[in-house]
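This report concerns only the one structure given below.
Protein chains: 2
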Amino acid sequence: MLVVQKFGGSSVADAARVMNVARIVTETYAKGNDVVVVVSAQGDTTDDLIEKAKEINPGASKREMDMLLSAGEQISISLLAMAIEKLGYPVVSLLGWQAGFQTNSKYSAARIKRVNSERISKEIDKKRIVIVAGFQGLNRYDDITTLGRGGSDTSAVAIAASMRADLCQIYTDVEGVYTADPRKIPNAQKLDEITYDEMLELATLGAQVLNNRSVEMAKKYNVELEVISSLTQKPGTKVKEVCKMEKMLIKSVAKDDSVARVSIVGLPDEPGIAFKVFSRVAKAHINVDIILQSVGRDGTKDITFTVPAESGDAAVAALQEYCDQVGAKKILVDTDVAKVSIVGAGMETHEGVASKMFEALMDANINIQMISTSEIKVSVLIDKAEAERAVAAVHAMFFDN
Amino acid sequence: MLVVQKFGGSSVADAARVMNVARIVTETYAKGNDVVVVVSAQGDTTDDLIEKAKEINPGASKREMDMLLSAGEQISISLLAMAIEKLGYPVVSLLGWQAGFQTNSKYSAARIKRVNSERISKEIDKKRIVIVAGFQGLNRYDDITTLGRGGSDTSAVAIAASMRADLCQIYTDVEGVYTADPRKIPNAQKLDEITYDEMLELATLGAQVLNNRSVEMAKKYNVELEVISSLTQKPGTKVKEVCKMEKMLIKSVAKDDSVARVSIVGLPDEPGIAFKVFSRVAKAHINVDIILQSVGRDGTKDITFTVPAESGDAAVAALQEYCDQVGAKKILVDTDVAKVSIVGAGMETHEGVASKMFEALMDANINIQMISTSEIKVSVLIDKAEAERAVAAVHAMFFDN
Chain A
1 MLVVQKFGGS SVADAARVMN VARIVTETYA KGNDVVVVVS AQGDTTDDLI
51 EKAKEINPGA SKREMDMLLS AGEQISISLL AMAIEKLGYP VVSLLGWQAG
101 FQTNSKYSAA RIKRVNSERI SKEIDKKRIV IVAGFQGLNR YDDITTLGRG
151 GSDTSAVAIA ASMRADLCQI YTDVEGVYTA DPRKIPNAQK LDEITYDEML
201 ELATLGAQVL NNRSVEMAKK YNVELEVISS LTQKPGTKVK EVCKMEKMLI
251 KSVAKDDSVA RVSIVGLPDE PGIAFKVFSR VAKAHINVDI ILQSVGRDGT
301 KDITFTVPAE SGDAAVAALQ EYCDQVGAKK ILVDTDVAKV SIVGAGMETH
351 EGVASKMFEA LMDANINIQM ISTSEIKVSV LIDKAEAERA VAAVHAMFFD
401 N
Chain B
402 MLVVQKFGGS SVADAARVMN VARIVTETYA KGNDVVVVVS AQGDTTDDLI
452 EKAKEINPGA SKREMDMLLS AGEQISISLL AMAIEKLGYP VVSLLGWQAG
502 FQTNSKYSAA RIKRVNSERI SKEIDKKRIV IVAGFQGLNR YDDITTLGRG
552 GSDTSAVAIA ASMRADLCQI YTDVEGVYTA DPRKIPNAQK LDEITYDEML
602 ELATLGAQVL NNRSVEMAKK YNVELEVISS LTQKPGTKVK EVCKMEKMLI
652 KSVAKDDSVA RVSIVGLPDE PGIAFKVFSR VAKAHINVDI ILQSVGRDGT
702 KDITFTVPAE SGDAAVAALQ EYCDQVGAKK ILVDTDVAKV SIVGAGMETH
752 EGVASKMFEA LMDANINIQM ISTSEIKVSV LIDKAEAERA VAAVHAMFFD
802 N
């Protein structure tokens, strides 16, 4: 069996943790598997390097930032290889370019175009454990690029896809994906399985277990993922195309309290207004989530939408001129809101899932400001102060029996 | 004019020094020169990385050590590039492999086979300042190698040779090559010029201004070197094939007090003994410097030779069995010795240079234990306690007038 294992920066933060990872890897290898390991930079290395750069030039080019930061994984892959050498196993470490990662030229946020896994295959044929630097690749000018946030997850999935690995394990500090945040909801349950689509919705909803790009890629190439803890090594949560547990209506209740609600009051009630508003927001590279449009009593209409909390002011700035021009009454931003969502492929074929959620909120006397639904998700916007109570109420409605 | 400039680890140790280097480089560029800069890892980076490796596996493979340590220059080249960006000049940083450094596969002590400077030329054509990671290259398996001690000097000379640069400046913390160590001999004079051969002898004699491999390569490809201070930027010392100042008999007085004298007493006086002794020493990879053989009164002979101080015990170990076998009386090691040398191409055509040195030592009442001469060098082995006094006396004899 060919297994790809990915370890993040905190898993290799110091010598003891590097040795721990080496043990996990060599145990997998000793069971007769071929193992490719993807590693991020050590926890503090990236921060230290960014600090060094800022001291010299806060406006450094992204090309040189990528050159600098990619040294981080170079350090972690060689240290992990040394730890595995110490345990007496054959091993070789490879940089992104050595492992065949070809990317486009968008420095600091490059996209993987192709993984030429020839070198990795050659090393596996020599019965070596292969350690690959995550987060980095090479563009067509032979310059080093980095993949941006969550890049190492994507690196791992890309290798698994290119080599048709049997399993891609993403090691983290949680034991898997839960029906709700287990630190907040004591009887949250760990899921054995979840579908790609459900995982994608959860990732978008602020449950940052897996990076979205990596789940998208896993779905596209049908790579079986497992989210698993590097500390306990208990079986984690498998992410796959179809799950066996179809009886579960929903998989998880998630909360995102880093949301801003933007309201434009008193827009003229005429065609094309929504386009004019949201094309301006898109131009400012702001992601819009829930949208609500209502007609006011005085022949004007209001548009309300949510954006990431940090983009609230930027959204207002992008719209101010237009609103003045068409005589809108005002633009309001409110960051005292939170989004609570339920996710589950089961709701596609079962009516009443959304109303069950609304019932739970009503019972808890929590007011719903906005509602958004997709085939496998229902989100509501509520007062931020009520968010945790809302999650508990909804979770109890679906999972306590 | 194409200028290659090399800066060592202490020259880029912190943000302020990186900015200082950026100023030197951009001033050279602003005068209309094409500039290629070779940089070592920041002062403390290499030590930190070695520390990290030791904590995990003191017996790590050299292949992985090279992978680890080469991250050091990756950090320093990108930081220097950022500093130059800050000053508003076009710049690009290149790793050893990007700059075309092809080496053999001797990890941690690789030899440069070829520099394919195509990429550097292309960047220079774009009017960019090119920053190259010293000390590192790529072997034919596409694996990263490091060049070992003083490797960055060699990297700089190799680029200068491959691109037929007009000048290769080695920036250091001294102002050039002196007639003696200026910290010890107050009236030591800075030399304007010195020949490759003289520089090679000086390097071997412990005056570690330039790495020997780099001088050898400079001589082979006739690269004009300049040793120059990164702090004062005053004209330094040029190293070239022929010097104008032929009137100077000797160029410098050097001292090496990290020497061991090994003596084998009472060897049989028969043919082949020297071969049998020194082949064993060579097999143990120990460099022998001065050799003295004398016939004892009892029909036996004694062989005395010098080796680096740290190799004294290894030399004894390599010889013990043989000496027991042939019935030698004893092997002695003495590290209380020092080698004082004069170097100068002028002595080739002038008699009496050696005797002038001996005269100075006699006047100072210093006993000579061993003597060794070459065309451009005279070395004497003396008591370590007398070494500084010897250098002062010899320097005064040749340079005070």
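Protein chains in written order, with the working numbering: chain A, 1 to 401; chain B, 402 to 802. Quick reminder that beta carbons are idealized off the backbone N, C-alpha and C, glycines included. All values reported here derive from a predicted model rather than from experimental measurement.
Nearest chain C C-beta to residue i closer than 8 Å, yes or no?
i: residue 57 of chain A; result: No chain C is part of this structure, whose protein chains are labelled A and B.
Strictly by DSSP, which residues pair up with residue i?
i: residue 732 of chain B; result: B:665
i: residue 406 of chain B; result: B:438 and B:570
i: residue 778 of chain B; result: B:744 and B:775
i: residue 654 of chain B; result: B:743
i: residue 178 of chain A; result: A:190
i: residue 784 of chain B; result: B:738
i: residue 226 of chain A; result: A:169 and A:238
i: residue 136 of chain A; result: A:146
i: residue 427 of chain B; result: For residue 427 of chain B, which the question treats as bridged, DSSP gives no partner whatsoever.
i: residue 660 of chain B; result: B:709 and B:738
i: residue 131 of chain A; result: A:37 and A:93
i: residue 195 of chain A; result: A:240
Spatial neighbours of residue i within its chain, please: C-beta separation below 7 Å, excluding the five flanking residues on both sides.
i: residue 581 of chain B; result: 589, 653, 654, 792 and 796
i: residue 276 of chain A; result: 322
i: residue 29 of chain A; result: 35, 89 and 129
i: residue 314 of chain A; result: 284 and 286
i: residue 326 of chain A; result: 267 and 268
i: residue 316 of chain A; result: 262, 331 and 333
i: residue 484 of chain B; result: 419, 420 and 423
i: residue 363 of chain A; result: 393
Looking only at its chain, what residues have a beta carbon closer than 8 Å to the beta carbon of residue i, apart from the 5 residues adjacent to it on each side?
i: residue 503 of chain B; result: 513, 514, 515, 516, 517, 538, 539, 540 and 541
i: residue 259 of chain A; result: 289, 306, 307, 308, 309, 335, 337, 338, 339 and 381
i: residue 613 of chain B; result: 551, 601, 604 and 605
i: residue 293 of chain A; result: 274, 301, 302, 303 and 304
i: residue 366 of chain A; result: 382, 383, 386, 389, 390 and 393
Skipping 5 residues on each side, what residues in its chain have a beta carbon closer than 6 Å to that of residue i?
i: residue 378 of chain A; result: 342, 354 and 357
i: residue 438 of chain B; result: 406, 426 and 532
i: residue 257 of chain A; result: 338, 384 and 387
i: residue 398 of chain A; result: 250
i: residue 291 of chain A; result: 305
i: residue 107 of chain A; result: 62, 63, 66 and 145
i: residue 644 of chain B; result: 594 and 596
i: residue 407 of chain A; result: The shown model of chain A, from 1 to 401, leaves out residue 407 of chain A, and the question about it has no answer.
i: residue 79 of chain A; result: 18
i: residue 248 of chain A; result: 346
i: residue 214 of chain A; result: 153, 154 and 157
i: residue 99 of chain A; result: 120 and 132
Entirely enclosed beta strand (DSSP E) segments - the region 138-162 of chain A, minimum 3 residues
144-146
Are at least three pairs of beta-carbons, each pair with one atom in the region 262-270 of chain A and one in the region 296-308 of chain A, less than 8 Å apart?
By the Cβ criterion, the region 262-270 of chain A is in contact with the region 296-308 of chain A, since at least three pairs of Cβ atoms, one from each stretch, lie closer than 8 Å.
Counting only Cβ-Cβ distances shorter than 7 Å, please list the residues of the region 121-151 of chain A near chain B, keeping chain order.
142
Could you tell me whether the region 5-24 of chain A touches the region 111-121 of chain A, using the rule of 3 or more Cβ pairs below 8 Å?
The way I'd put it, the region 5-24 of chain A doesn't touch the region 111-121 of chain A; fewer than three beta-carbon pairs between them come closer than 8 Å.
To be precise: take each residue of the region 447-472 of chain B, compare its Cβ to all Cβ atoms of chain A, and keep it if any distance is under 8 Å. Which residues remain?
450, 453, 454, 456, 457, 458, 460, 461, 462, 464, 465, 466, 468, 469, 471 and 472
Are there three or more Cβ pairs, one per stretch, closer than 8 Å when the region 148-164 of chain A is compared with the region 50-60 of chain A?
no
Cβ-based contacts, 7 Å cut-off: residues of the region 81-109 of chain A near chain B:
81, 82, 83, 85, 86, 93 and 98
Residues of the region 425-438 of chain B in Cβ contact with chain A at a cutoff of 9 Å, in chain order, please.
none
So, does the region 1-15 of chain A touch the region 86-98 of chain A, judging by three or more C-beta pairs under 8 Å?
Flag = no, the region 1-15 of chain A and the region 86-98 of chain A do not touch.
Counting only runs that start and end within the region 667-706 of chain B, where is the beta strand (DSSP E) found for 3 or more residues in a row?
692-696
Check whether the region 625-644 of chain B and the region 565-585 of chain B are in contact - that is, three or more C-beta pairs closer than 8 Å.
yes
Runs of beta strand (DSSP E) lying entirely within the region 41-66 of chain A, each at least 3 residues, in chain order:
You should have found no qualifying run.
Counting only runs of 3+ residues fully inside the region 491-517 of chain B, write out the beta strand (DSSP E) ranges in chain order.
492-495, 502-504 and 513-516
Residues from the region 402-419 of chain B in contact with chain A, defined by Cβ distance under 7 Å:
Within the region 402-419 of chain B, the residues whose Cβ lies closer than 7 Å to some Cβ of chain A are 416 and 419, listed in chain order.
Determine which residues of the region 167-192 of chain A have a Cβ less than 8 Å from any Cβ of chain B, and write them out in chain order.
The region 167-192 of chain A vs chain B, Cβ under 8 Å: nothing.
Residues in the region 263-280 of chain A with C-beta within 9 Å of chain B's C-beta atoms, listed in sequence order?
Listed by position along the chain: nothing, the set is empty.
Residues in the region 697-721 of chain B having any Cβ partner in chain A nearer than 8 Å
none
Note down, in chain order, all residues in the region 552-566 of chain B with a beta-carbon under 9 Å from any beta-carbon belonging to chain A.
none
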